[in-house]
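*Asks:*
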Amino acid sequence: MAAGTDATAFPWPPGVATGVGSLPGDDPAEAMRIVIGELPDFPHLVELPAAGVGADMIGRGAAHLAELHVEYAPSGWRFTQRPGGDERRARALLRRDLDVLEEFTQGFRGPLKIQCAGPWTLAATIELRYGDKALADSGAVRDIADALAEGIAEVTRDVSRRVPGARLVVQLDEPLLPAVRAGTVPTASGFAMLPAIDEQVVRERLGVVLTRIADTDAVPVVHCCAAGVPIDTLVAAGARAIGLDVTLLAPADDDSLGAAVEKGVRFFFGIVPSTEADDLPTVAESAAPLRRLWNRLGFPAEELARHVVTPACGLAGASVAWVRRAYRRCVDVGRSILEAPEGW
1 MAAGTDATAF PWPPGVATGV GSLPGDDPAE AMRIVIGELP DFPHLVELPA AGVGADMIGR
61 GAAHLAELHV EYAPSGWRFT QRPGGDERRA RALLRRDLDV LEEFTQGFRG PLKIQCAGPW
121 TLAATIELRY GDKALADSGA VRDIADALAE GIAEVTRDVS RRVPGARLVV QLDEPLLPAV
181 RAGTVPTASG FAMLPAIDEQ VVRERLGVVL TRIADTDAVP VVHCCAAGVP IDTLVAAGAR
241 AIGLDVTLLA PADDDSLGAA VEKGVRFFFG IVPSTEADDL PTVAESAAPL RRLWNRLGFP
301 AEELARHVVT PACGLAGASV AWVRRAYRRC VDVGRSILEA PEGW
């Protein structure tokens, strides 16, 4: 079911900005200090891939899989029969980062975002014990969705206990979802492509996880910073908000995006480069692609402030200085939308 249009269903204030999740470095306290300092109205849990195996996107996602076990092999993550050191490390890193999140959000009241890889990106990446990627096995995909739904619900409840004043937003990162739908995910050997997955199956498996998130009273979000985001599928699966890179949208996406907005779905609009450029665009330059999009859609200018401004994607490949500048630019753009909508 699509989200309703009641603005009270969304915990973030108008004209707000947040981050996608990943940041450079391996010190969670330093990363959270930046997040709280630059994004005080809508902070997020940090992800630090530079911390090594288990801190990467897939390892962090696998740490949420209830009753499924993984290990890190030369070819990447794969399922195994019993827990081992790699899995224990991934789960320990998640607990460590949650401890730091709790430390820095004492007394916080407002929207707080956590995130992990979604079921389709995990299925397109993690290999079965003997064979291809889990995406090739419909039963394995079902197990991943069920395990992720239970695991992320438990993490969400844990964060609610740790930060009782927070209104939680749970983001599933699905960068490989367009490839799953298009049939361009390579096999484990790399010599062929796995078949495209039917839209109904994509919707159903994703819906299992999104519904479970909603059952915890958190807002379920799906983020995809690749081109070709299947907006209609995400809305039908139960995403209450969708994160994407505005610069990758094409006019062909307008109908789906406009229909989603009319159904009350919110967007996390990625507008600031996630990797360093010679010069950070000005507020007006950063906002220009979003302004053009909103003008094409024809919605009232003041309604744009209901949505969220973010970097285009995760910032793990940037410097700390760029992270600070990117977050500040997102905040400035959000504020400009709120304070002077007609100037758009």
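According to this note's numbering, the stretch in the sequence shown is residues 1 to 344, in order.
Virtual Cβ for every residue (Gly too), placed ideally from N, Cα, C.
#1: Does DSSP put residue 107 in a helix, in a strand, or in coil?
#2: Quick check for students: name the residue ranges of the alpha helix (DSSP H) that lie wholly in the stretch 201-249, counting only runs of 4 or more.
#3: Alpha carbon to alpha carbon, what distance is there between residue 287 and residue 339?
#4: Terminal residues of the continuous beta strand (DSSP E) containing residue 254?
#5: Find out if the Cβ-Cβ distance for the pair residue 45, residue 106 is shorter than 8 Å.
#6: Give me the Cα-Cα distance between residue 187 and residue 133, rounded to the nearest whole angstrom.
#7: Ordered along the chain, which non-local residues of its own chain (more than five positions away) have a Cβ less than 7 Å from that of residue 28?
#8: At a cut of 8 Å, does the stretch 64-83 reach the stretch 33-43 through at least three beta carbon pairs?
#9: Indicate whether residue 149 and residue 201 have their beta-carbon atoms separated by less than 8 Å.
#10: Are three or more beta carbon pairs between the stretch 127-145 and the stretch 165-175 nearer than 8 Å?
#11: DSSP three-state call for residue 58: helix, strand or coil?
#12: Going by other Cβ atoms of all chains shown within 10 Å of its Cβ, with 16 needed for buried, is residue 86 buried or exposed?
#13: Going by C-alpha to C-alpha distance, which of 323, 213 and 227 sits closest to residue 239?
#14: Enumerate in chain order the residues of its own chain whose CB-to-CB distance from residue 118 is below 8 Å, with the five nearest sequence positions on each side excluded.
#15: Less than 8 Å between the C-beta atoms of residue 153 and residue 215, yes or no?
*Replies:* Looking at the atomic coordinates:
#1: Taking the first residue of the sequence shown as 1, we reach residue 107 at position 107. In the three-state reduction of the DSSP assignment, residue 107 falls in the coil class, being assigned neither a helical nor a strand state.
#2: Fully enclosed alpha helix (DSSP H) runs of 4 or longer: 231-237.
#3: Looking up residue 339 in the sequence shown gives position 339. Looking up residue 287 in the sequence shown gives position 287. Going from the Cα of residue 339 to the Cα of residue 287 covers about 14 Å.
#4: Your numbering for residue 254 matches position 254 in the sequence shown. Unbroken run through residue 254 is the alpha helix (DSSP H), 254-262; no beta strand (DSSP E).
#5: By 1-based counting over the sequence shown, the position of residue 45 is 45. By 1-based counting over the sequence shown, the position of residue 106 is 106. Not a contact, by the Cβ cut-off of 8 Å.
#6: Numbered from 1 along the sequence shown, position 187 holds the residue referred to as residue 187. Numbered from 1 along the sequence shown, position 133 holds the residue referred to as residue 133. Answer to the nearest angstrom: the Cα atoms are 7 Å apart.
#7: Taking the sequence shown and counting its residues from 1, the one referred to as residue 28 is at position 28. For residue 28, where only same-chain residues beyond five positions count, the Cβ hits under 7 Å are 46, 48, 96, 97 and 100.
#8: no
#9: The residue given as residue 149 occupies position 149 in the sequence shown. The residue given as residue 201 occupies position 201 in the sequence shown. No, the Cβ-Cβ distance between residue 149 and residue 201 is not below 8 Å.
#10: no
#11: Mapped onto the sequence shown, residue 58 falls at position 58. Here residue 58 sits in helix by DSSP.
#12: Taking the sequence shown and counting its residues from 1, the one referred to as residue 86 is at position 86. Counting Cβ neighbours within 10 Å, residue 86 comes out buried, since at least 16 surround it.
#13: Position 239 of the sequence shown, counted from the first residue, corresponds to residue 239. Here the closest residue by C-alpha is 213.
#14: Residue 118 sits at position 118 when you count from the first residue of the sequence shown. Excluding sequence neighbours, residue 118 sits near 61, 148, 172, 173, 174, 177, 206, 209 and 222.
#15: Here residue 153 is taken as the residue at index 153 of the sequence shown, counted from 1. Here residue 215 is taken as the residue at index 215 of the sequence shown, counted from 1. Their beta carbons are under 8 Å apart, which means residue 153 touches residue 215 by this criterion.
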